[in-house]
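Sequential numbering of the sequence shown, starting at 1, is according to full-length UniProt numbering.
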Amino acid sequence: MSISETEIRERLARLGHLRQAIAQAIVGQADVVEQLLIGLLAGGHCLLEGVPGLGKTLLVRSLGQALELQFRRVQFTPDLMPSDILGTELLEEDHGTGHRHFRFQPGPVFTHLLLADELNRTPPKTQAALLEAMQERTVSYAGVTHTLPSPFFVLATQNPLEQAGTYPLPEAQLDRFLLHIRVDYPTESEEHDILRQTTGAGGGAVPKVMGAEDVLVLQKLVRDVHVGEDLLRWITRLVRATRPGEAAPQAVNTYIKWGAGPRAGQSLVLAAKARALLQGRLAATRDDVMALAAPVMRHRLLMSFAAEAEGVAPDTVVAAILSAVKL
Numbered sequence: 001m002s003i004s005e006t007e008i009r010e011r012l013a014r015l016g017h018l019r020q021a022i023a024q025a026i027v028g029q030a031d032v033v034e035q036l037l038i039g040l041l042a043g044g045h046c047l048l049e050g051v052p053g054l055g056k057t058l059l060v061r062s063l064g065q066a067l068e069l070q071f072r073r074v075q076f077t078p079d080l081m082p083s084d085i086l087g088t089e090l091l092e093e094d095h096g097t098g099h100r101h102f103r104f105q106p107g108p109v110f111t112h113l114l115l116a117d118e119l120n121r122t123p124p125k126t127q128a129a130l131l132e133a134m135q136e137r138t139v140s141y142a143g144v145t146h147t148l149p150s151p152f153f154v155l156a157t158q159n160p161l162e163q164a165g166t167y168p169l170p171e172a173q174l175d176r177f178l179l180h181i182r183v184d185y186p187t188e189s190e191e192h193d194i195l196r197q198t199t200g201a202g203g204g205a206v207p208k209v210m211g212a213e214d215v216l217v218l219q220k221l222v223r224d225v226h227v228g229e230d231l232l233r234w235i236t237r238l239v240r241a242t243r244p245g246e247a248a249p250q251a252v253n254t255y256i257k258w259g260a261g262p263r264a265g266q267s268l269v270l271a272a273k274a275r276a277l278l279q280g281r282l283a284a285t286r287d288d289v290m291a292l293a294a295p296v297m298r299h300r301l302l303m304s305f306a307a308e309a310e311g312v313a314p315d316t317v318v319a320a321i322l323s324a325v326k327l
């Protein structure tokens with residue numbers, strides 16, 4: 001890809017405008033917004049988890065409004081069927097000839113930005129309908145493979161509190177999410193601003209600041225961000241340290257049943273590159289890896305019974321790994 005330094009600066013400046021556009025609807029949550037943009041630049045899907053009322057759906061909707069991309073939202077429910085997402089075939093008749101034929105009617109997955117709201121509320125059969133779309137960017141129906149638009153992102157939300165009537169996402173599907181983003185409560189000042197901003201007569205619209213071409217160019221730039229050999233070896237050792245064994249840290253052997261696979265290393269490298277580009281750098285650093293190690297690996301670690309019994313979270317084990325495995 002041939003792109004001048006001036007063009008690179010212009011594209012990066014639009015990222016700043018994108019943040020400002022989202023900030024018109026979302027108060028605070030700087031880390032969440034940054035991780036969401038990292039997923040966008042790295043070309044990966046994101047899973048947002050948080051209690052109700054923290055603005056997860058509004059955040060994704062604001063991102064869709066700020067981007068000149070096709071945006072669709074699907075509310076996942078227990079009675080949702082795979083055809084409600086992927087599409088179905090319709091029987092049509094040519095009134096002139098009387099000939100009947102099937103025509104594929106694309107579902108809401110045929111979009112640039114898909115908000116899968118409360119993904120864990122739908123049964124495994126419907127959850128599995130997204131597996132091919134998330135990994136291959138295609139949909140196979142009746143022996144025909146349909147290509148999804150580019151770029152294509154799945155931004156899913158789930159509520160960690162209400163587990164009655166939900167279906168936990170299988171490990172295979174969790175592994176397809178680049179980042180697992182935790183949405184926490186706002187600070188006191190942020191919550192004060194939320195109350196003032198959302199209960200008045202105002203409420204500005206989110207302007208469109210970036211199109212599909214800009215996103216695709218930035219995704220290619222992410223691939224060109226430099227990662228040193230030492231940093232690459234460290235990332236490899238970090239991922240391998242999540243797997244129980246003789247060489248693993250004590251916390252891993254005690255609290256992890258199964259560790260992360262190679263896809264975690266790929267995700268960590270791409271996410272670190274995207275974070276560097278988001279901050280205007282063309283080389284990833286140790287800080288990028290440390291900032292994203294937990295969002296990349298927290299949903300890829302299968303915790304043991306001891307961890308559940310003692311209330312040990314995946315982030316605690318990731319922190320122990322970062323402390324034990326030195327650069």
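Note that beta-carbon positions come from the ideal geometry of N, C-alpha and C, so glycine has one too.
None of the values given here were measured: they were computed from a predicted structure.
Where the beta strand (DSSP E) through residue i begins and ends
{"i": "Tyr141", "result": "Thr138 to Tyr141"}
{"i": "Thr147", "result": "Val144 to Thr147"}
Proximity below 7 Å, CB of residue i to CB of residue j
{"i": "Gly43", "j": "Gln173", "result": "no"}
{"i": "Ile22", "j": "Val32", "result": "no"}
{"i": "residue 328", "j": "Gln105", "result": "A query on residue 328 cannot be resolved here, the shown segment of the chain reaching from 1 to 327 and no further."}
{"i": "Ala212", "j": "Leu69", "result": "yes"}
{"i": "Arg137", "j": "Leu148", "result": "yes"}
{"i": "Thr77", "j": "Arg121", "result": "yes"}
{"i": "Glu251", "j": "Ala320", "result": "According to the sequence provided, residue 251 is Ala. The question's Glu does not apply to it. The answer is yes: Cβ separation under 7 Å."}
{"i": "Ala309", "j": "Pro249", "result": "no"}
{"i": "Ala13", "j": "Ser62", "result": "no"}
{"i": "Leu179", "j": "Gln29", "result": "no"}
{"i": "Ala313", "j": "Val289", "result": "no"}
{"i": "Glu49", "j": "Arg182", "result": "yes"}
Per DSSP, the bridge partner or partners of residue i
{"i": "Met303", "result": "Ile256"}
{"i": "Gly211", "result": "Glu68"}
{"i": "residue 328", "result": "Because the chain spans 1 through 327 in this model, residue 328 falls outside it and cannot be assessed."}
{"i": "Ala248", "result": "Note: Ala248 sits in no beta bridge, so no partner."}
{"i": "Ala156", "result": "Leu47 and Ala116"}
{"i": "Phe104", "result": "Glu89"}
{"i": "Arg196", "result": "Looking at the DSSP assignment, Arg196 forms no beta bridge with any residue, so it has no partner."}
{"i": "His226", "result": "Ala283"}
{"i": "Val74", "result": "Ala116"}
Range covered by the alpha helix (DSSP H) that runs through residue i
{"i": "Gly39", "result": "Ala30 to Ala42"}
{"i": "His17", "result": "Glu5 to Ala23"}
{"i": "Thr236", "result": "Glu229 to Arg240"}
{"i": "Pro295", "result": "Arg286 to Met297"}
{"i": "Pro262", "result": "Pro262 to Leu278"}
{"i": "Thr126", "result": "Pro124 to Gln127"}
{"i": "Asp315", "result": "Pro314 to Ala324"}
Status (buried if at least 16 other CB within 10 Å, exposed otherwise) for residue i
{"i": "Glu118", "result": "buried"}
{"i": "Phe177", "result": "buried"}
{"i": "Lys257", "result": "exposed"}
{"i": "His95", "result": "exposed"}
{"i": "Gln279", "result": "exposed"}
{"i": "Pro295", "result": "buried"}
{"i": "Asp184", "result": "exposed"}
{"i": "Lys326", "result": "exposed"}
{"i": "Gly64", "result": "buried"}
{"i": "Phe152", "result": "buried"}
{"i": "Val60", "result": "buried"}
{"i": "Leu41", "result": "buried"}
Nearest-angstrom Cβ-Cβ length linking residue i and residue j, presumed shorter than 8 Å
{"i": "residue 398", "j": "Val225", "result": "Beyond the ends of the chain as shown, which are 1 and 327, falls residue 398; an answer cannot be given."}
{"i": "Pro108", "j": "Arg72", "result": "4 Å"}
{"i": "Leu91", "j": "Ala129", "result": "With a Cβ gap of about 22 Å, Leu91 and Ala129 do not count as contacting."}
{"i": "Ala260", "j": "Leu301", "result": "6 Å"}
{"i": "Gln197", "j": "Val27", "result": "6 Å"}
{"i": "Ala293", "j": "Leu322", "result": "6 Å"}
{"i": "Met210", "j": "Ala66", "result": "7 Å"}
{"i": "Arg275", "j": "Ala291", "result": "7 Å"}
{"i": "Arg298", "j": "Asp287", "result": "The pair is not a contact, with the Cβ atoms about 18 Å apart (cut-off 8 Å)."}
heavy atom of the ligand GTP below 6 Å from residue i C-beta
{"i": "Pro149", "result": "Looking at this structure, you won't find the ligand GTP or any other ligand, since it has none at all."}
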